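Colleague: Before I ask anything, here is the structure I am working with.
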Amino acid sequence: MISRRSFVAGGGALLVLSVRRSGHASFIPPAQQRDSSNLFAMDQAAARSVRLPAKPGASPSMSVDERDALEHRIRCQCGCTLDVFTCRTTDFSCQVSPAMHRDIMALVQGGYNAAEISDAFVRTYGEAALMAPPRTGFNIVGYVVPGIVIAIGAVVLVAVIRGMGRQRATPSGSATISDATPEEQARLDAALKDDA
Amino acid sequence: MIVVGELSLWIALLLAVWSATVSFAGGRGRRHDLIESGERATYGAFAFTALASAGLWYALFTRDFSLSYVASQISANMPNVYIFTSFWSGQAGSMLFWCVILAMFAAIAVWTNRERNRDLMPWTTGTLATVLAFFLATTAFKANPFERLDWLPVDGRGMNPQLQNPGMAVHPPNLYLGYVATTVPFAFAIGALLARRIDTDWLAAVRRWSLVSWLFLTIGITLGMWWAYVELGWGGYWAWDPVENSSFLPWLTGTAFLHSIMIQEKRGMLRKWNIILVVATFLLSILGTFITRSGIIESVHSFAQSPVGPWFAWFLAVVTAITAWLVLTRLKDLEAKAALESMVSREAAFLYNNLLLVGIAFSVLWGTFFPILSEAVRGTKITVGPPFFNTVNIPLGLLLLGLTGVGPLIAWRKASLSNLRRQFLGPVLTGLAVAGVLLALGMRNGYALTSYLLAAFVAATIVQEFAKGVGARRSLHGERLVPAFVHLVARNRRRYGGYIVHAGIVMLFAAFAGMGFKRETDTSLSAGQSLTTKDPWGAEWRFVSQGVSTNRSLNREITAVALETWRNGEYMGLIKSEKRQYFDSQRRPTFDPSTEVGIRTDARQDVYVVLAGVRDDAAEIRVAFNPLVVWVWVGSAIMAIGGLIVMWPQAERRRQAGYAAELQPAPEFAGVA
């Protein structure tokens, strides 16, 4: 068994070493510092061109409301985690969402529909261009697993409840509170009577 | 003072290690001297952690830029209120803040149990001290706020402007109080498992702490939502961001525990499950901290990538392994003392409620980590944003809302058909009537209709319960309406406080559904130009720009646009939105410009105006109509009030009386009492 004296002595040595060890940090000028607070740093160079040649005889493929709805499904790449519409109408200092907006407008003018525009953005930025993964391939796992897990939980729950019910129905299991102490039994009855 | 603070941090670490060592040793050897020494060391650890905190605050208020943390968090020209809050605005300071809260809670838990639960306390104290030692060690070795710079800068970097908001002064402390409070029930659960005293005694000890945690998490999450809504300017209050999710996870499992604990108290059932929920709530709060501090998942809120991540990962793994071993080796002690009798009973309803709460927690956790899984499996980065979480969680949330109405009304043990008819006929008809009226008025959004149907149903069950209780008191005691209501709640705070919480939940769901009808438009307005648009209620709004103005304040330059507003021709006042560029004492810009949103609130909607920027003297603005938002804040406040009522101490003698109705015992139990 460690004694108090040896514990404190060992701890004291650790303390001295650690205080010396903590030493000095190198200073990074304020303008170059990575944010040490808990808000993101914007990547202003994240925009890439998503342009396609206009379709022959192209006319705008959707209304402004439909275009805004599409922009709500495409993610700004500056790091804000917002969609293009929300970012560009919230933060004018972001240069990424306006660039993506211009690309979307050009594609709309070029006669491309929402699915084609989404695909064009996925080809350029990857699936991270979308606010939610498309329901294809491995992504389906993402959508169905929570439901499957809850369904399994529900099946197990029902099985357990039914099992308990059957246990109660048998003579040996008829005293469902047989292993409760008399005090617990009395408390149970009082509580149940009390809290209907 | 700063040196004293740094030394205090190390001394607190030593005391926490000492407390853990001698508490476990004392518990194992039944040595009272060691047990008492461990408890005294816990008090000491709190005192020295508080001293370390005082040292950091001193460094911040004296603007000692020789400390890396001070130089990175504040600038000389910042207002003192944000100098105060900068204690927790960065990684290292917030770690110390976590430590001081944990040390305080540990000291309170030890103090309040100095004459109770003595068999558990050595193990509980040891567990608390172990967790405290981990956090102090992580702070001291990996995120030390007392780390010094090589040279003395003229000024510091200043605080991110979006954190210079009253919401940020109160949101993190509340959230941390909620997170950290989960440690105490966890410590009692581990104590009960180690001491093999897994009866109902430990439940009594943890129930109030679980409520404390739930209450602070509720307040903290709400304040975070409010801050995001008024400060970030994107127009909503919940974005399913990983850091938001990480605060929601322990809230969900904590809520599940507060329901299932009732079944263990009343029926001696779910003993394994309750242990698992307590442990899961603690682990999820640590997981949330890991997500926030490791940089493992992309988030707008997370701290920069830092060396504390691996420490938290190891801690999580070790605690999970130890807890699993403890539970598995004590399964026999955790056998239920009663059996469920029916799938249509209050016990079963609480189990369904637990299934949904834990199921939602799983789906949120799954969605949060799915990008990592996807990248590992396919090598492709994906985004799992609000559309995914809404698809998965809205149906589960609606089911949960329905159960909120079912659970409290259904009979214990086994509900009869007559019981179901008597309790549910009115609420079901109310729900259907509300849905019918909304349908007739033209509402076609399926989720919103279901939300309002269920919200009306649950609200009717709550009103019915209060009406019964108040009616019984009036007839029995001849009391007037208001005194009868007050006495009813006061005499059974757990039950009626719970109903008040449920009323808050109903309001929240109604408000969430309202956002399905949000309308927004973006435009560019020069002075004198106007925008005319309609809100979701059909009213016509006109916004006339008063032009763009600029002015300077202590540490910022402000660009503002003011809009005069009319609704259906009636003047509704001025709405102003700002862009702020902060600068340090050398007048160098710090950070990107930030947004101050203009909001006009009434019971029906918020008119939400964002100045995105200025181009050629024209203000680029977004105007959004966000229906029913105020009810999110009202509903959350009602939940917090309900939580306070539930946890308010009540003498056992008084709690016996005042229930609204009595249960007819099931026939086979009729002769037991």
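If you read the sequences in order, they're chains A and B.
Anchor point for the first sequence: position 110 equals 112 in this note's numbering, and the numbering is continuous, going up by one each time.
Anchor point for the second sequence: position 70 equals 106 in this note's numbering, and the numbering is continuous, going up by one each time.
Each residue gets a CB set at the ideal place from its N, CA and C atoms; glycine is no exception.
Fair warning: this is a prediction, and the values are worked out from it, not measured in the lab.
Using a Cβ-Cβ cutoff of 9 angstroms, what residues of the stretch 102-122 of chain A are near chain B? List them in chain order.
Modeller: Those residues of the stretch 102-122 of chain A that come within reach of chain B (Cβ to Cβ, closer than 9 angstroms) do not exist; the list is empty.
Colleague: Please go through the same chain and pick out, in chain order, the residues whose beta-carbon is closer than 7 angstroms to the beta-carbon of H207/B, but skip the five residues on each side of it.
Modeller: Here the question's residue 207/B lines up with position 171 in the second sequence. Answer for H207/B: G256, L259, G260 and W263, listed in chain order.
Colleague: Taking CB distances under 8 angstroms as the criterion, tell me whether M64/A reaches chain B.
Modeller: If you number the first sequence from 1, residue 64/A lands on position 62. For M64/A, the answer is no, since every Cβ of chain B falls outside 8 angstroms of its Cβ.
Colleague: By DSSP's criteria, V650/B is part of a beta bridge. Which residues make up the other side?
Modeller: Residue 650/B sits at position 614 when you count from the first residue of the second sequence. A655/B.
Colleague: Short of 6 angstroms in beta carbon distance, which residues of its chain neighbour Q565/B, apart from the five on each side in sequence? Order them along the chain.
Modeller: Along the second sequence, read from residue 1 onward, the residue named residue 565/B stands at position 529. Cβ neighbours of Q565/B beyond the five flanking positions: S581.
Colleague: Would you kindly check if the distance between the Cβ of W159/B and the Cβ of G80/B is under 8 angstroms?
Modeller: The residue labelled residue 80/B in the question sits at position 44 within the second sequence. The residue labelled residue 159/B in the question sits at position 123 within the second sequence. No, Cβ-Cβ distance for G80/B and W159/B is not below 8 angstroms.
Colleague: Are Q198/B and E267/B touching if we call contact CB-CB under 8 angstroms?
Modeller: Indexing the second sequence from 1 puts residue 198/B at position 162. Indexing the second sequence from 1 puts residue 267/B at position 231. Against a cut-off of 8 angstroms, the Cβ pair of E267/B and Q198/B comes out as a contact.
Colleague: With distances taken between CB atoms, is the gap from A496/B to T466/B smaller than 8 angstroms?
Modeller: Residue numbering aside, residue 496/B sits at position 460 when the second sequence is read from its first letter. Residue numbering aside, residue 466/B sits at position 430 when the second sequence is read from its first letter. Yes. Within cutoff.
Colleague: Identify the residues that DSSP records as bridge partners of W602/B: which are they?
Modeller: Stepping through the second sequence from its first residue, residue 602/B is reached at position 566. BP columns for W602/B point to R578/B and Y607/B.
Colleague: Whole-angstrom Cβ separation of A491/B and L437/B, contact assumed at under 8 angstroms?
Modeller: Residue mapping note: residue 491/B aligns to position 455 of the second sequence, counting from 1. Residue mapping note: residue 437/B aligns to position 401 of the second sequence, counting from 1. At roughly 7 angstroms, the Cβ-Cβ gap stays under 8 angstroms, so A491/B and L437/B are in contact.
Colleague: Is I635/B helix, strand or coil by DSSP?
Modeller: Against the second sequence, residue 635/B aligns to sequence position 599. In the structure shown, I635/B sits in a strand (DSSP, three-state: E or B).
Colleague: Going straight from the alpha carbon of A648/B to that of A412/B, what length do you get?
Modeller: Numbered from 1 along the second sequence, position 612 holds the residue referred to as residue 648/B. Numbered from 1 along the second sequence, position 376 holds the residue referred to as residue 412/B. Those two C-alpha atoms are separated by around 37 angstroms.
Colleague: The alpha helix (DSSP H) spanning K302/B covers which residue range?
Modeller: To locate residue 302/B, count along the second sequence from 1; it is residue 266. Run containing K302/B: P278 to R303, per the alpha helix (DSSP H) assignment.
Colleague: Using the beta-carbon of each residue, which ones in chain A are nearer than 9 angstroms to S410/B?
Modeller: As a first step, residue 410/B is located in the second sequence; it is residue number 374 there, counting from the start. Residues of chain A passing the Cβ test: E129, P135, F140, N141, V143 and G144.
Colleague: Relative to the C-alpha of S44/B, which candidate in A176/B, S511/B and R382/B has its C-alpha closest?
Modeller: Here residue 44/B refers to the residue found at position 8 of the second sequence. Of A176/B, S511/B and R382/B, the residue nearest in Cα terms is A176/B.
Colleague: Using a Cβ-Cβ cut-off of less than 7 angstroms, list which residues of the stretch 66-99 of chain B approach chain A; keep chain order.
Modeller: Within the stretch 66-99 of chain B, no residue qualifies.
Colleague: Could you check where the beta strand (DSSP E) with L567/B kicks off and where it finishes?
Modeller: The residue given as residue 567/B occupies position 531 in the second sequence. Unbroken beta strand (DSSP E) run through L567/B: S566 to K570.
Colleague: What distance in whole Å lies between the Cβ atoms of L92/B and P181/B, which are believed to be in contact at a cut-off of 8 angstroms?
Modeller: In the second sequence, the residue the question calls residue 181/B occupies position 145. In the second sequence, the residue the question calls residue 92/B occupies position 56. Indeed they touch by this definition, with Cβ atoms about 5 angstroms apart.
Colleague: Grouping DSSP H, G and I as helix and E and B as strand, with all else coil, what is S613/B?
Modeller: Within the second sequence, numbered from 1, the residue matching residue 613/B stands at position 577. Three-state result, S613/B: strand.
Colleague: Which residues bound the alpha helix (DSSP H) around D2/B?
Modeller: Examination of residue 2/B is not possible in this model, given that chain B is present from 37 through 709 alone.
Colleague: Does the distance from the C-beta atom of L610/B to that of A596/B stay below 8 angstroms?
Modeller: For the purposes of this step, residue 610/B is taken as the residue at position 574 of the second sequence. For the purposes of this step, residue 596/B is taken as the residue at position 560 of the second sequence. Not in contact: L610/B and A596/B (Cβ atoms no closer than 8 angstroms).
Colleague: Verify the CB distance criterion: does M379/B have a CB-CB separation below 8 angstroms to chain A?
Modeller: The residue labelled residue 379/B in the question sits at position 343 within the second sequence. It does; some Cβ of chain A falls within 8 angstroms.
Colleague: Which whole runs of the alpha helix (DSSP H) in the stretch 92-164 of chain B are 4 residues long or more, in chain order?
Modeller: Fully enclosed alpha helix (DSSP H) runs of 4 or longer: 104-109, 116-121 and 127-148.
Colleague: So the alpha helix (DSSP H) R125/A belongs to, where does it begin and stop?
Modeller: Locating residue 125/A in the first sequence gives position 123, where the first residue counts as 1. Run containing R125/A: A116 to Y127, per the alpha helix (DSSP H) assignment.
Colleague: Would you mind telling me which residues of chain B sit closer than 7 angstroms to A47/A, beta carbon to beta carbon, in chain order?
Modeller: If you number the first sequence from 1, residue 47/A lands on position 45. Within 7 angstroms Cβ-Cβ: nothing; A47/A doesn't reach chain B, min ~14 angstroms.
Colleague: Along chain B, which residues have their Cβ under 9 angstroms away from the Cβ of R77/A?
Modeller: The count along the first sequence starts at 1 and reaches residue 77/A at position 75. The contacting residues are T419 and G421.
Colleague: Taking all protein chains shown into account, decide if N662/B is buried (16 or more other Cβ within 10 angstroms of its Cβ) or exposed.
Modeller: To locate residue 662/B, count along the second sequence from 1; it is residue 626. So N662/B counts as buried.
Colleague: Please confirm whether P115/B has its beta-carbon closer than 8 angstroms to some beta-carbon of chain A.
Modeller: By 1-based counting over the second sequence, the position of residue 115/B is 79. P115/B does not count as touching chain A.
Colleague: Assign A56/B to buried or exposed, taking buried as 16 or more other Cβ atoms, counted over all protein chains shown, within 10 Å of its Cβ.
Modeller: Start at 1 with the first residue of the second sequence, and residue 56/B comes out as number 20. Under this definition A56/B is a buried residue.
Colleague: Is it right to say K450/B is buried, meaning 16 or more other beta carbons lie within 10 angstroms of its own, or is it exposed?
Modeller: The residue given as residue 450/B occupies position 414 in the second sequence. Its Cβ being crowded by 16 or more others within 10 Å, K450/B is buried.
Colleague: Would you mind telling me which residues of chain A sit closer than 8 angstroms to D277/B, beta carbon to beta carbon, in chain order?
Modeller: Taking the first residue of the second sequence as position 1, residue 277/B is located at position 241. Neighbours of D277/B on chain A, chain order: T83.
Colleague: What do you get for G119/A, buried or exposed, if any count of 16 or more other CB atoms within 10 angstroms of its CB means buried?
Modeller: As a first step, residue 119/A must be located in the first sequence, where it is residue number 117. The identity of residue 119/A in the sequence shown is Ile, whereas the question assumes Gly. Under this definition I119/A is a buried residue.
Colleague: Using alpha carbons as the reference points, say which of I677/B, K554/B and T631/B lies closest to V643/B.
Modeller: The sequence position of residue 643/B within the second sequence is 607, counting from 1. Out of I677/B, K554/B and T631/B, K554/B has the C-alpha closest to the C-alpha of V643/B.
Colleague: Using DSSP bridges, identify the partner residues of T595/B.
Modeller: Looking up residue 595/B in the second sequence gives position 559. Answer is T586/B and K615/B, bridged to T595/B.
Colleague: Report the neighbours of F170/B on chain A: residues whose CB is nearer than 9 angstroms to its CB, in chain order.
Modeller: Counted from its first residue, the second sequence places residue 170/B at position 134. Ordered by position in chain A, no residue passes the 9 angstroms Cβ test against F170/B, which lies about 16 angstroms from the chain.
Colleague: What residues from the stretch 656-684 of chain B come within 7 angstroms of chain A, judged by C-beta to C-beta, listed N to C?
Modeller: Under the 7 angstroms Cβ criterion, the stretch 656-684 of chain B contributes E656 and R658.
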